Amino acid sequence: MSEKNIESLLKEKRVFPPSAAFSSQAHIKGLDAYEEISRKALEDPEGYWAGIASELHWFEPWKTVLEWELPFSKWFVGGKTNISFNCLDRHLGTPRKNKIAILWEGEPGEVRALSYQMLHHEVCKFANVLKSFGLQKGDRATIYMGMVPELPVAMLACARMGVMHNVVFGGFSAEALRDRVNDSQSRMLITADGGYRRGTTIALKKSVDDALAGAPSVEKVIVYKRTGDPINMVAGRDVWWHEAMAVASADFPAEALDSEHPLFMLYTSGTTGKPKGVVHTTGGYMTGTYLTTKWVFDLKEEDTYWCTADIGWVTGHSYIVYGPLLNGATSVMYEGAPNFPEPDRFWSIIEKYRINIFYTAPTAIRTFVKWGDQWPAKHDLSSLRLLGTVGEPINPEAWMWYRKNIGGDRCPIVDTWWQTETGSILISPVPGAVPTKPGSATRPLPGIVADVVDRQGNPVGPNQGGFLVLRRPWPSMLRTIYGDPERYHRQYWSEIPGMYFTGDGARRDEDGYFWIMGRIDDVINVSGHRIGTMEVESALVSHPTVAESAVVGRPDDLKGQGIVAFVTLSAGNQALPALKEELKIHVGKSIGSFAKPDEIRFTDSLPKTRSGKIMRRLLRDLASGAKTVGDTTTLEDFSVLAKLREEEE
Ligand code: 7RM
2 MSEKNIESLL
12 KEKRVFPPSA
22 AFSSQAHIKG
32 LDAYEEISRK
42 ALEDPEGYWA
52 GIASELHWFE
62 PWKTVLEWEL
72 PFSKWFVGGK
82 TNISFNCLDR
92 HLGTPRKNKI
102 AILWEGEPGE
112 VRALSYQMLH
122 HEVCKFANVL
132 KSFGLQKGDR
142 ATIYMGMVPE
152 LPVAMLACAR
162 MGVMHNVVFG
172 GFSAEALRDR
182 VNDSQSRMLI
192 TADGGYRRGT
202 TIALKKSVDD
212 ALAGAPSVEK
222 VIVYKRTGDP
232 INMVAGRDVW
242 WHEAMAVASA
252 DFPAEALDSE
262 HPLFMLYTSG
272 TTGKPKGVVH
282 TTGGYMTGTY
292 LTTKWVFDLK
302 EEDTYWCTAD
312 IGWVTGHSYI
322 VYGPLLNGAT
332 SVMYEGAPNF
342 PEPDRFWSII
352 EKYRINIFYT
362 APTAIRTFVK
372 WGDQWPAKHD
382 LSSLRLLGTV
392 GEPINPEAWM
402 WYRKNIGGDR
412 CPIVDTWWQT
422 ETGSILISPV
432 PGAVPTKPGS
442 ATRPLPGIVA
452 DVVDRQGNPV
462 GPNQGGFLVL
472 RRPWPSMLRT
482 IYGDPERYHR
492 QYWSEIPGMY
502 FTGDGARRDE
512 DGYFWIMGRI
522 DDVINVSGHR
532 IGTMEVESAL
542 VSHPTVAESA
552 VVGRPDDLKG
562 QGIVAFVTLS
572 AGNQALPALK
582 EELKIHVGKS
592 IGSFAKPDEI
602 RFTDSLPKTR
612 SGKIMRRLLR
622 DLASGAKTVG
632 DTTTLEDFSV
642 LAKLREEEE
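Quick note: the sequence shown uses the numbering used here, first residue 2, plus one each step.
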């Protein structure tokens, strides 16, 4: 692949500096302060990270900040700590003891508020439950639950005793669960009878039973009763959560763990086949999530903070559970769908709890655009002071909609770039300091050395597309792929010699701002022009009739690749042939005629993964006329694919 002419064609000129009112109250009060921290972090990275880590509790201090032997890093070597202790016990001698740690709302409408003291109590008891079933430091436990408070309780109990957790998103199939249990060799599976989603229940325990038929490592299954739907309990293997908890002691001192003790694994899909178990360890992950939650969200003691991700994904691990609790925050957790019972559920939650900080995904924002402005308009969203996005590039139109309709033209937006592998946010505005530009994640956080380079690792010039890399290790980086250190080395540290390769394409503009163009394999080459699919999508979505689009390449004899655009229209617009022509012309005008789609296909919905990423791979197969498509196990809604096929005929 030649990156020489990955061209970045969007020209976004709007700039939004932080308001004086926001900056003056922020943790980092302006550009000068930010530049000063960045400069110090660059000069003395180890001193910088040590300073942050020392804000947390260590049972024993570290001897060496970093041992780095590419591709393996060790942080805070010799230090002993515990992330569960830092999330819970550390706050108990302070006024946070009775502060709400987790504010939960079930989809049917129940509310539960767990204070730091209450959460600590549950976590200690559950750690004793795990211990009573023979689980020991170094073991693995798979957690397969919906969004209930018992999910973070289980994670924090594992962390407390040095058991690695492996959270598998509750939407995964039995087969996907089985593969993840087997790869992790978990002895324990923690689940629920079911969960609520869009007014119906999901039969989690049924999937567990099917998965465990092919997963012999699991000795015990602990089942939390959520829905009360009838399930099968296997004698000798399955135990009810409430029965085990009823007899458990609430005394469980946190283990003093080595900084590099493995904390969790989380499976993520790569470009090829088998999912990878990304491994994170204790001290570095703790430092990264603690710091970024505080600075990027400008989190304050009195804030009510809500990240809408599912804890089954890394965003939920880092920014619902660990980051907020490390900071002693109130973290809101919602169980269900955004459109149950109506498309304004999120806005009613924000209004009800007076939420101040709201973090969601671009795909959700585009869905809200499609549902219409009337839904947020029905609610008082004036409590919000900061908005965030994560998961994919956000097109400027969606960004502007978010700013106006949710943020009341008042809230800074932090577009946060990071990965399962990076553990915490690496490129993002620091909201009181860095002016934002719609569609840009802006600049790397202090201590992060990101660059855009060619295949050989040479930096490319301003506004030249290239590969997004990280030149220095950072504390929350993944340590390996579970059971496959060789793949870890190959995948991340040998594509571009001496650097961490993110798999993303990007450009940096004349102000040093990063514009992420998406995964490298989302780049289309039309007649030698390398065009980011996202850039064409963005142009399409800037047309008033378009709600969402996904753009893919298909083989083309003349041009190498042609462009096919799948387009969903916003309410009230008709899928007329004349509109297809109009949209092609619109893209031609916005980007250049070489980027005009060869074909536009209107569709009601796009195929997405359960975490909301558009599955361009499936669309690529469809667009190129392939009869069968590849792996669809991560697809959120299978009927979308069937419909797309029908529409083709
Ligand atoms: C947190 C998460 C990682 C991939 C990453 C990018 C894309 C994430 C942004 C983004 C543009 C962003 N972890 N991505 N955030 N692209 N702007 N702000 O999503 O492992 O599931 O995905 O997501 O391609 O490499 S992840």
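Even for Gly, the Cβ is constructed at its ideal location relative to N, Cα and C. Please read these numbers as outputs of a predicted model, since none were measured by experiment.
Proximity below 7 Å, CB of residue i to CB of residue j
{"i": "S85", "j": "G289", "result": "no"}
{"i": "E123", "j": "V154", "result": "yes"}
{"i": "W376", "j": "D345", "result": "yes"}
{"i": "I358", "j": "Y306", "result": "yes"}
{"i": "N459", "j": "D510", "result": "no"}
{"i": "W296", "j": "V431", "result": "yes"}
{"i": "I601", "j": "L619", "result": "no"}
{"i": "M287", "j": "N167", "result": "no"}
{"i": "F170", "j": "R611", "result": "yes"}
{"i": "L205", "j": "G196", "result": "yes"}
{"i": "A551", "j": "L607", "result": "yes"}
{"i": "S425", "j": "S495", "result": "no"}
{"i": "D651", "j": "D194", "result": "The shown model of the chain, from 2 to 650, leaves out residue 651, and the question about it has no answer."}
{"i": "I428", "j": "A399", "result": "no"}
{"i": "S218", "j": "Q186", "result": "yes"}
{"i": "F341", "j": "E106", "result": "no"}
{"i": "K609", "j": "E582", "result": "no"}
{"i": "V333", "j": "L104", "result": "yes"}
{"i": "I517", "j": "G554", "result": "no"}
For residue i, the residue or residues it bridges with in DSSP
{"i": "R141", "result": "M165"}
{"i": "F17", "result": "T437"}
{"i": "L258", "result": "T82"}
{"i": "V537", "result": "Answer is none; V537 lacks a bridge partner."}
{"i": "L178", "result": "Beta-bridge pairing links L178 to no other residue."}
{"i": "R555", "result": "G563"}
{"i": "M189", "result": "A142, K221"}
{"i": "D416", "result": "T390"}
{"i": "I38", "result": "Its beta-bridge partners do not exist; DSSP assigns none."}
{"i": "P1", "result": "The displayed coordinates of the chain run from 2 to 650. Any statement about residue 1 would go beyond what the structure contains."}
{"i": "R198", "result": "T201"}
{"i": "L267", "result": "V279"}
Straight-line gap, residue i to residue j (C-alpha atoms, nearest Å)
{"i": "G394", "j": "H380", "result": "Note that residue 394 is Pro in the sequence shown, not Gly. Those two C-alpha atoms are separated by around 27 Å."}
{"i": "T437", "j": "S384", "result": "21 Å"}
{"i": "R40", "j": "A34", "result": "10 Å"}
{"i": "V315", "j": "A579", "result": "43 Å"}
{"i": "V66", "j": "D505", "result": "29 Å"}
{"i": "F639", "j": "A330", "result": "38 Å"}
{"i": "T273", "j": "R488", "result": "Model confidence at T273 stands at a pLDDT of 46, short of 50, so the residue's coordinates are unreliable; what they give is reported in the following sentence. Each residue's Cα considered, the two are about 12 Å apart."}
{"i": "L32", "j": "C412", "result": "18 Å"}
{"i": "L327", "j": "A643", "result": "44 Å"}
{"i": "I592", "j": "V461", "result": "22 Å"}
{"i": "M246", "j": "K126", "result": "6 Å"}
{"i": "D45", "j": "P474", "result": "13 Å"}
{"i": "T423", "j": "L479", "result": "6 Å"}
{"i": "Y323", "j": "C88", "result": "7 Å"}
{"i": "A255", "j": "G317", "result": "23 Å"}
{"i": "T293", "j": "I497", "result": "27 Å"}
{"i": "N83", "j": "D90", "result": "10 Å"}
Assigned exposure category for residue i - 16 Cβ within 10 Å defines buried
{"i": "H544", "result": "buried"}
{"i": "I29", "result": "buried"}
{"i": "T481", "result": "buried"}
{"i": "E650", "result": "Below a pLDDT of 50, predicted positions are generally treated as unreliable, and E650, at 45, falls in that range; no measurement from the model is reported."}
{"i": "R199", "result": "exposed"}
{"i": "Q492", "result": "buried"}
{"i": "T95", "result": "exposed"}
{"i": "E36", "result": "exposed"}
{"i": "R386", "result": "buried"}
{"i": "D558", "result": "exposed"}
{"i": "L471", "result": "buried"}
{"i": "E4", "result": "Low per-residue confidence applies at E4: pLDDT is 41, beneath 50, and the placement is therefore not dependable enough to give any value."}
{"i": "W69", "result": "exposed"}
{"i": "D605", "result": "exposed"}
{"i": "D416", "result": "buried"}
Within the region 463 to 535, note down every full beta strand (DSSP E) run reaching 3 residues or more, in order along the chain. 467 to 471, 501 to 509, 515 to 520, 524 to 527, 530 to 533
My parser needs the alpha helix (DSSP H) runs of 4 or more residues fully inside the region 565 to 608; what are they? Counting only unbroken stretches of 4 or more residues, the alpha helix (DSSP H) elements lying wholly within the region 565 to 608 are 578 to 591, in sequence order.
Enumerated in chain order, which unbroken segments of the alpha helix (DSSP H) with a length of 4 residues or greater are wholly contained in the region 51 to 118? List check, alpha helix (DSSP H) in window: 84 to 88, 90 to 93.
Hey, which unbroken runs of the beta strand (DSSP E) at 3 residues or more fall wholly within the region 285 to 343? Note on the region 285 to 343: whole beta strand (DSSP E) runs with a minimum of 3 residues are 305 to 308, 331 to 335, in chain order.
Secondary structure, beta strand (DSSP E): runs of 3+ residues fully inside the region 348 to 384: 358 to 361
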